[in-house]
Amino acid sequence: MNRKFTKSLLGAAISFTVYCGSALADTGSLRITVTDDAGNPVAGAEVGVHTPESLTTKQGVTNTNGEIRLVGLDPSAKYEVEVSGAGYQPVKSENVLVVSGQSYALSFELKASDDVIEEVIVTGQRVRLVDTTSTVVGQDITLDLTESLPTGRNYQAYLQLAPGTKPSAGGNPSSKSGVNYSDVPDARGRTSGFSSDNLYYIDNVNVTDNVTGTFGGSVNSEIIQEQHVLTGGLPAEYEGGSGLVSRVITKSGGNDFHGSVNYYMQDDGLVADNRHLEGNKFSTFDSAFTLGGPIIQDKLWFFSSYQIKEREDDVFSAGGEFLRKVERSDDLGFAKLSWQMTENDKLIATFFNDPVDISGSRDSSVLNNRDRTQRQGGDNYKLEYSHSWDNMVLILEAAKHEAEISTFAAEKSTRNDVAYLADVSNPSLSDLNLGGRGSDSLQFRNKDTWAATFAYFLDTNWGSHDITTGYSYTENERTRHLQYTGGEGAQYNSVANINSGATFGDMLDEAWRGEIPFSGGDAGFIINAINASADSNFYYDLLDADNDDVITEGELKALSFSSAAGNPDGTINAYRIIETSNEPFTVKTQGNAFYVQDKWSYGKWTVNAGVRAEQWEHFASDGSSIFTFDWEFAPRLGVTYDINGDGDRKLWGFYGRYYDPIRTDMTSFAGTVTGLVRDEQVYIGDRWLTFRTRGPGDANIASTTKTPYTDEFMLGYSMSLGDDMSAEVTYTNRVTEDLLEDYDLALYTDPDQSGQYALPLSYFGLDGLGDIPNYTIATLKGGKREYDGVEFTFRKRRSDTWQMLASYTYNLASGNSNSDGDADFQGDVIWLDPRAPGVYSDQPGNIEHLFKVAGSYFFDNGIELGLVYSWNSGLVYSKTFSISGRHLPVQVEDAYESGGIIENWVDSDAVGSQVASSYGTLDARMKYSFQIAGYEAEFFLDIFNVLNDQAGIREQDLVSGDGEYDFGQEVEWVAPRRFYLGTRLSF
């Protein structure tokens, strides 16, 4: 290192030097202070940092306060920091940690030199692990942590290490106020354990599914350099915020060739007996290689990887009957080129893909006739260019995310869901589910993103400023081709033969086992269809009991279902939905976002002030614009106070607003004007009557519709607890409002039907009803979710012989809606209105108490021992019944008046009234490493569920059961104890 003062102190006033990293959110920084042995600042000291894991290097000189900020550093635990000054002994610190999104403080003391200048290697140099300039709450999941702990081999599993994330079998965990419940069960029948509020990035490529809000892309876990999980206090550069933000940063090449090859396996011989599903067996393996290195030293690096995963399951029913063998195959490819074009210019090109083929469902409650095969995954591309000046940075990015998720019915016969009166019979699962799955769905969910970021770094007499501004353009595209199977292209909901003669009123008012196709809101549609029908005289002869030429809802309730004519299984006709057109369709959304953010540090204080502006436009399947949301402005303000002024502890507060743009599922609802058309029909007398058409005219978006948002207020205290240890306590308050739903305007704008719950036409931006669609998407009147939480976190970074991450989270969540930008039953029926009795309660899907501890110990002989223990107080859920593919809260038996309407309102003991049992799980890893002929060999043994406590994690929420499990009975469990073996050879 050049030990001469070659830069003036004026030039040192700007402490930012060369930046050539990835997007700013995926980089970290160091705040370095240099003093002499008397504690006086050393101005003009030269500081340089570099790591063998990145092309990024930085040099600069300290200002008059002996301080320098080095920003845009790629995450690594192997940085070397070198400090020198004229007349002082140079020093070097090794293995310095840099974490994305964090700014750590580091101090050096220089001693006066004699005639002989010899560099001093500083060991045990302390990095203060409290970022006193930031209000961001989250954890970095580093290589040191993941490679010493028993975890699933993917970034979705790593999310479970972060404080506050709730258990999720599907890899989409809820955090804090993030929604953890849906009335619509997932493919395995779950109504909880998955969140649609999260955002997922891989190398700053947004891989969040634009339909479901869940993760939409995967990578080989061997390529992950760091994963940053953010759960609150986000500055304006971040979208989202009501859920967690996961940012995966991948490895790069190096000046030395390096790589690895590994193999992991597990089979039935390594798994304890399953106490609940005795026949279930499986075997799995995955193998991967990585290779990276220089193409041109210090200029052009490459890194590549390929992973294959194979799994085979024998699936048995709860009764012990063998159902099927299921095979799954994943292929994960990755390639990255990093080119340091000039000292100030860098170009990074990234590619990864994740094709998956699945031959069936592993869910024991899915019958063979309802099974499906699945194909998913796609290619992802990213190009990033950055240029730096002395105190400015420009970053340009372009990314493309492709994701297929297609399903194909194993049996192509007509789907027929059969319902039984609950007090008459006790049907089996096979009695309720006749025919095949019912449809084949070919679907693509793609995303293109272009972004520009400009950063300006400045030191002044009134403190330092990190000013960042950015713009991004995003286009989401959903293409779908849905085809109903069976000769008619229809799906049926029928009445069991034993209940022949059941009425429309029975469908609405009685308890049933199986899925009910009708709700109270359908009565108006059916009556209107009768009046418009060419066969209206036929229907009036059947239903107009008092011959007054008006069919009332009461008369419609007397409609009896007793005919099996033409029914695919000889059951009683009640409802069917039939495709009249099934051409593929494509809808799009286009979003623009701007933000500006200033981090102003002055003395012990840092103020993070910014604002984010977003606007989204939605396009129908014919390319026309169907709605443009207003520009929304989201302020973010954080204030931190460095209590002692030494970077050891901070007190901070934050306020921010996060908007949650509407996804393409609602674009499809309002914008499918070509392609897919389906008629909903009811069986009356001896014929089918179409009472509602799904497709063109199905829905529109009210002109007054607002974007849902969450307001967040946080307070926190953080402190260092000695070398490499820190602790933090945070309080979070969140309120989510302007939720979205679809409304039946004929119901909600008529005070005779909806009483005090009625809404004026002006609420929807209308002067009159006119030719309205079936439903109108609008802001849900009175819809709200509220959250209060406290979290304690302790972190011990790897040093000496151990490391640890421990946390406790308390969650208090309540509300009157689970809507997350989807079309549910609120707005369709009055009894589910957010303002109605019994609706506001504890939030289903919440888990009140979470405790986690993960740690590892390193022995001198190459052996490592890692443990993970997680405990939770049990999942909150509701008492429900099944209707139109939803699990809705049960109603009272005796109707009563509220708001001028007599109705069977939600039972006060229904919503969020139940709590599943608490449980804890202990996992362990044993690892042995040794050197052989210049290679490092590693052997792994993971033991999941060490204590073999196969506790229940989810209980049946349907009060009438589902034909397999009764209400309150456990339906999902912690997997049995299982051993997982692996080995890796690296160089």
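Here the sequence shown is numbered in my numbering, starting from 10 and rising by one per residue.
No residue lacks a Cβ here, since even glycine has one placed at the ideal position from N, Cα and C.
Only a predicted model underlies this, so the values are computations on that prediction, with no experimental measurement involved.
Top-ranked residue by Cα proximity to residue i, from the options
| i | options | result |
| --- | --- | --- |
| Asp-515 | Asp-440, Trp-471, Thr-561, Ala-428 | Ala-428 |
| Arg-666 | Gly-249, Ser-370, Trp-310 | Gly-249 |
| Tyr-905 | Glu-947, Ala-736, Pro-846 | Pro-846 |
| Ile-304 | Asp-426, Asp-265, Val-682, Leu-279 | Asp-265 |
| His-896 | Asp-751, Pro-843, Leu-749, Trp-521 | Trp-521 |
| Asp-372 | Met-401, Asp-363, Glu-352, Leu-332 | Leu-332 |
| Phe-642 | Ser-610, Ala-602, Thr-649, Thr-615 | Ala-602 |
| Gly-864 | Ala-114, Val-107, Asp-153 | Asp-153 |
| Asn-881 | Ile-856, Val-862, Thr-889, Pro-898 | Ile-856 |
| Val-899 | Phe-860, Gly-225, Asp-966 | Asp-966 |
| Val-920 | Val-885, Thr-217, Ser-938, Thr-673 | Val-885 |
| Ser-205 | Gln-148, Ser-347, Thr-673, Ala-583 | Thr-673 |
| Lys-87 | Phe-939, Val-901, Val-682, Asn-104 | Asn-104 |
| Ile-941 | Val-915, Asp-339, Arg-993 | Arg-993 |
| Ala-407 | Ser-415, Thr-359, Asn-400 | Thr-359 |
| Glu-411 | Gly-369, Phe-361, Thr-561, Arg-424 | Phe-361 |
Residue i: first and last residue of the uninterrupted alpha helix (DSSP H) it sits in
| i | result |
| --- | --- |
| Ile-536 | 531-541 |
| Lys-566 | 562-566 |
| Ala-297 | Here Ala-297 belongs to no alpha helix (DSSP H); instead the beta strand (DSSP E) covers 290-305. |
| Asn-546 | 545-552 |
| Asp-515 | 513-518 |
| Met-350 | Note, Met-350: premise wrong, no alpha helix (DSSP H); not H, not E. |
| Thr-676 | 673-680 |
| Ser-926 | Taken as a continuous stretch (DSSP letters only), Ser-926 belongs to no alpha helix (DSSP H), as it is neither H nor E. |
| Thr-71 | Taken as a continuous stretch (DSSP letters only), Thr-71 belongs to no alpha helix (DSSP H), as it is neither H nor E. |
| Thr-155 | 152-155 |
| Asp-755 | A small fix is needed here, since residue 755 is Ala in this sequence, not Asp. Run containing Ala-755: 754-757, per the alpha helix (DSSP H) assignment. |
Residue burial classification, residue i (beta-carbon count within 10 angstroms, cutoff 16)
| i | result |
| --- | --- |
| Pro-61 | exposed |
| His-858 | exposed |
| Gly-444 | buried |
| Asn-49 | exposed |
| Val-983 | buried |
| Ser-887 | buried |
| Ser-31 | Confidence is the limiting factor: at Ser-31 the pLDDT is only 38, short of 50, which leaves the residue's position unreliable and the question unanswerable from this model. |
| Tyr-752 | buried |
| Tyr-989 | buried |
| Leu-106 | buried |
| Lys-5 | One cannot answer for residue 5 here, as it falls past the ends of the chain, which runs 10 to 996. |
| Ala-297 | buried |
| Asn-6 | Outside the displayed range of the chain (10 to 996) lies residue 6, so it cannot be described from this structure. |
| Gly-133 | Any answer about Gly-133 is weak, because its pLDDT of 46 lies below 50 and its placement is not dependable; what the coordinates show is given next. Label assigned to Gly-133: exposed. |
| Gln-306 | exposed |
| Ile-911 | exposed |
Beta-carbon separation (whole angstroms), residue i vs residue j, contact threshold 8 Å
| i | j | result |
| --- | --- | --- |
| Lys-260 | Gly-301 | 7 Å |
| Leu-82 | Thr-36 | 6 Å |
| Leu-341 | Ser-227 | 6 Å |
| Ser-814 | Leu-170 | It is Leu, not Ser, that sits at residue 814 in the sequence shown. About 6 Å separates the two Cβ atoms, so the contact holds. |
| Glu-750 | Ala-787 | 7 Å |
| Gly-875 | Leu-158 | 4 Å |
| Gly-523 | Asp-426 | 6 Å |
Residue interval of the beta strand (DSSP E) (run including residue i)
| i | result |
| --- | --- |
| Pro-526 | Careful: Pro-526 lies outside any beta strand (DSSP E) and carries neither H nor E. |
| Tyr-718 | 718-729 |
| Leu-451 | 448-469 |
| Leu-775 | Looking at the DSSP string, Leu-775 is not in any beta strand (DSSP E), and its letter there is neither H nor E. |
| Tyr-664 | 658-668 |
| Asp-1084 | Here the chain comprises residues numbered 10 to 996, so residue 1084 is not present and cannot be evaluated. |
The region 810-822 touching the region 837-846, judged by at least three CB pairs closer than 8 Å: The answer is no - the region 837-846 does not touch the region 810-822, with fewer than three Cβ pairs under 8 Å.
Segment contact, 8 Å Cβ cut-off, at least three pairs: the region 642-661 with the region 138-152: With the cut-off at 8 Å, the region 642-661 and the region 138-152 touch.
At least three beta-carbon pairs within less than 8 Å, the region 188-206 to the region 444-460: No, they do not touch.
Three or more C-beta pairs below 8 Å linking the region 318-327 and the region 286-300: Short answer: they touch.
At least 3 beta-carbon pairs within less than 8 Å: the region 697-707 vs the region 213-232: Counting Cβ pairs under 8 Å, fewer than three are found: no touch.
Given 8 Å, three or more beta-carbon pairs between the region 605-614 and the region 565-578: At 8 Å Cβ cutoff, the stretches do not touch.
Cβ pair count under 8 Å reaching 3, the region 416-425 against the region 480-500: By the Cβ rule, the region 416-425 counts as touching the region 480-500, because three or more pairs are nearer than 8 Å.
Meets three-Cβ-pair contact criterion under 8 Å: the region 468-484 and the region 588-601: Taking one beta carbon from each stretch, the region 468-484 and the region 588-601 have 3 or more pairs nearer than 8 Å; the two touch.
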